[in-house]
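Colleague: Shown below is the structure under consideration.
Residue numbers (the numbering used here): 1 to 359.
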């Protein structure tokens with residue numbers, strides 16, 4: 001089976017899902033080509049697991065000091081409309097049996113216009129479902145416009161919906177070790193200097209800040225800043241007692257799978273992150289603050305570190321989806337997807353622990 005897999009590369013969560021799903025498809029005999037669109041190709045690491053792939057520049061999602069830059073976001077979308085139309089027209093799908101899409105517009109619209117069956121596999125579209133979420137703005141509705149013959153929505157809870165499945169992630173990315181009492185911090189929309197100024201006021205063992213804005217490792221009392229590198233971050237996460245991060249899908253999923261306490265700081269004006277934070281709190285899996293302060297961090301530590309952190313055992317969603325896809329076109333319907341969803345959710349094991357922190 002020949003598959004074209006379109007992946008939106010602005011968020012690393014989309015790439016991580018592809019890195020989990022593509023090898024599973026290939027192991028079962030699929031011929032997969034990836035179409036990566038979004039982030040400046042020069043900023044992407046080499047991704048041998050996704051080869052062969054092509055890279056394309058798409059719309060940007062700008063952030064300023066912990067907030068989504070709404071005007072910059074809409075301007076980037078508007079500037080890319082003509083480019084997307086050209087790319088859709090040029091994309092040849094004749095040789096493909098299936099198009100998979102993860103929030104990637106070019107492959108999604110090309111499949112619709114050129115009559116190739118498509119399946120969307122992305123967390124972003126879960127909020128088109130009747131589940132708990134924050135109020136949608138215009139820009140928040142754009143992921144739902146992306147067409148697909150069938151939509152699969154990975155999420156942390158199914159809410160009685162038979163097309164929602166557990167998260168897709170690579171559990172093998174890191175080995176969980178004995179907690180060392182540290183807290184790993186990843187808030188890339190904040191400057192590391194701002195985070196240091198807040199955390200150095202907190203009387204706690206050790207904070208380790210990873211940031212793409214850091215130029216080198218520095219120590220400020222009990223707070224350490226490090227430039228982001230994937231392997232170092234995985235190692236620190238594996239031994240951490242807790243994680244402070246924004247409310248993106250991937251890191252929260254990995255942290256919960258490793259039994260880490262979570263303090264979420266959702267990006268302001270970002271619908272998905274605000275909804276994610278609300279969902280994880282409602283499920284009892286995370287604490288939430290909408291303003292990072294020394295007080296909110298102290299409260300989180302005082303209220304959660306005396307007990308075990310949340311722990312979720314996710315099933316092999318990527319392997320199950322790959323197996324289902326390669327059974328062929330006769331399986332690509334809502335009834336079969338409902339059976340897959342039910343089977344996967346029956347395998348989830350969850351230990352709760354969560355609060356809302358008032359800054």
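Even for Gly, the Cβ is constructed at its ideal location relative to N, Cα and C.
With contact counted as at least three CB pairs below 8 Å, one residue from each stretch, are the stretch 317-325 and the stretch 163-171 in contact?
Modeller: The answer is yes - the stretch 163-171 touches the stretch 317-325, with three or more Cβ pairs under 8 Å.
Colleague: Quick one: what's got a C-beta closer than 6 Å to residue 181's C-beta in the same chain, skipping five residues either side?
Modeller: Cβ neighbours of residue 181 beyond the five flanking positions: 205 and 241.
Colleague: Quick one, which of 336, 351, 99 and 341 has its alpha-carbon nearest residue 154's?
Modeller: Out of 336, 351, 99 and 341, 341 has the C-alpha closest to the C-alpha of residue 154.
Colleague: When the Cα atoms are used, what is the spatial distance from residue 221 to residue 198?
Modeller: Using only the alpha carbons, I get a separation of about 12 Å.
Colleague: With distance defined between alpha-carbon atoms, name the residue in 277, 95 and 284 nearest to residue 291.
Modeller: Among 277, 95 and 284, the Cα nearest to that of residue 291 belongs to 277.
Colleague: Applying the 10 Å Cβ sphere with the 16-neighbour rule, what's the burial state of residue 81?
Modeller: Label assigned to residue 81: exposed.
Colleague: How big is the Cα-Cα spacing for residue 119 and residue 125?
Modeller: Distance between the alpha carbons of residue 119 and residue 125: 12 Å.
Colleague: Which ranges would you report for the alpha helix (DSSP H) in the stretch 213-278 if only whole runs of at least 4 residues count?
Modeller: List check, alpha helix (DSSP H) in window: 230-239 and 249-257.
Colleague: Do residue 308 and residue 176 have their CB atoms nearer than 9 Å?
Modeller: Cβ distance not < 9 Å, so residue 308 and residue 176 don't count as in contact.
Colleague: Roughly how many angstroms lie between the CA atoms of residue 229 and residue 304, to the nearest whole one?
Modeller: Cα to Cα, residue 229 sits roughly 28 Å from residue 304.
Colleague: Quick test of the definition: if touching needs 3 or more C-beta pairs under 8 Å, does the stretch 285-302 touch the stretch 1-18?
Modeller: Contact between the stretch 285-302 and the stretch 1-18 is absent, because fewer than three Cβ pairs lie under 8 Å.
Colleague: In terms of DSSP beta bridges, what is residue 33 paired with?
Modeller: Residue 33 pairs with 4.
Colleague: If you drop the 5 nearest sequence neighbours on each side, which residues of the same chain put their C-beta closer than 6 Å to that of residue 348?
Modeller: Closer than 6 Å at Cβ, skipping near neighbours: 166.
Colleague: What are the uninterrupted segments assigned as beta strand (DSSP E) that are 3 or more residues long and contained completely in the stretch 151-207, given in chain order?
Modeller: With a minimum length of 3 residues, the continuous beta strand (DSSP E) runs that stay inside the stretch 151-207 are 182-186.
Colleague: Can you tell me where the alpha helix (DSSP H) with residue 298 in it begins and where it stops?
Modeller: Its alpha helix (DSSP H) spans residues 294-304.
Colleague: What residues match up with residue 105 in a beta bridge as DSSP calls it?
Modeller: Residue 105 is not bridged to any residue.
Colleague: For residue 9, which residues of its own chain have a beta-carbon under 7 Å away from its beta-carbon, when the five flanking residues on both sides are left out?
Modeller: So the list reads 15, 36, 37, 38, 39 and 44, once near-sequence residues are dropped.
Colleague: Flag this pair as yes or no: are the beta carbons of residue 188 and residue 211 separated by less than 9 Å?
Modeller: It is a contact, given that the beta carbons lie within the stated cut-off.
Colleague: Which residues in the same chain as residue 213 place their Cβ atom closer than 8 Å to its Cβ, once the five residues preceding and following it in sequence are excluded?
Modeller: Same-chain partners within the cutoff: 188, 191 and 192.
Colleague: Does the Cβ-Cβ distance between residue 225 and residue 264 come in under 9 Å?
Modeller: Result no, Cβ atoms of residue 225 and residue 264 do not sit closer than 9 Å.
Colleague: Taking C-alpha atoms, which residue in 101, 20 and 130 lies nearest to residue 146?
Modeller: Among 101, 20 and 130, the Cα nearest to that of residue 146 belongs to 101.
Colleague: For residue 234, does the count of other Cβ atoms within 10 angstroms reach 16, so buried, or fall short, so exposed?
Modeller: Residue 234 comes out exposed.
Colleague: When the distance is taken between beta carbons, is residue 207 closer than 9 Å to residue 123?
Modeller: Cβ atoms of residue 123 and residue 207: not closer than 9 Å.
Colleague: Taking Cβ positions, are residue 132 and residue 279 nearer each other than 9 Å?
Modeller: Going by C-beta atoms, residue 132 is nearer than 9 Å to residue 279.
Colleague: Applying the criterion that 16 or more other CB atoms from any shown protein chain within 10 Å of the CB defines a buried residue, is residue 254 buried or exposed?
Modeller: Per the 10 Å Cβ criterion, buried.
Colleague: Taking the beta carbon of residue 266 as the centre, do at least 16 other beta carbons fall within 10 Å, making it buried, or is it exposed?
Modeller: Looking at its Cβ environment, which holds 16 or more other Cβ atoms inside 10 Å, residue 266 is buried.
Colleague: When you compare the CB positions of residue 117 and residue 106, do they come within less than 9 Å of one another, or not?
Modeller: Result no, Cβ atoms of residue 117 and residue 106 do not sit closer than 9 Å.
Colleague: Following a CB-centred definition, is residue 211 positioned closer than 8 Å to any heavy atom of the ligand NAP?
Modeller: With respect to the ligand NAP, the structure shown offers nothing to examine, as it has no ligands at all.
Colleague: Pull the bridge partners of residue 96 from the DSSP assignment, please.
Modeller: In the DSSP output, where bridge partners are listed per residue, residue 96 has none listed.
Colleague: Do residue 275 and residue 134 have their C-beta atoms closer together than 9 Å?
Modeller: Yes, they are a contact pair.
Colleague: Rounding to the nearest angstrom, what Cα-Cα distance links residue 284 and residue 127 in this structure?
Modeller: Each residue's Cα considered, the two are about 19 Å apart.
Colleague: Among 18, 311, 148 and 51, which one has its Cα closest to the Cα of residue 108?
Modeller: When only C-alpha atoms are compared, the closest one is 148.
Colleague: Give the DSSP-derived three-state secondary structure of residue 88 in the structure shown.
Modeller: Looking at residue 88 - three-state DSSP - the assignment turns out to be helix.
Colleague: How many angstroms separate the CA atom of residue 256 from the CA atom of residue 327?
Modeller: Going from the Cα of residue 256 to the Cα of residue 327 covers about 31 Å.
Colleague: Residue range of the beta strand (DSSP E) that residue 312 falls in?
Modeller: Here the beta strand (DSSP E) through residue 312 covers 311-313.
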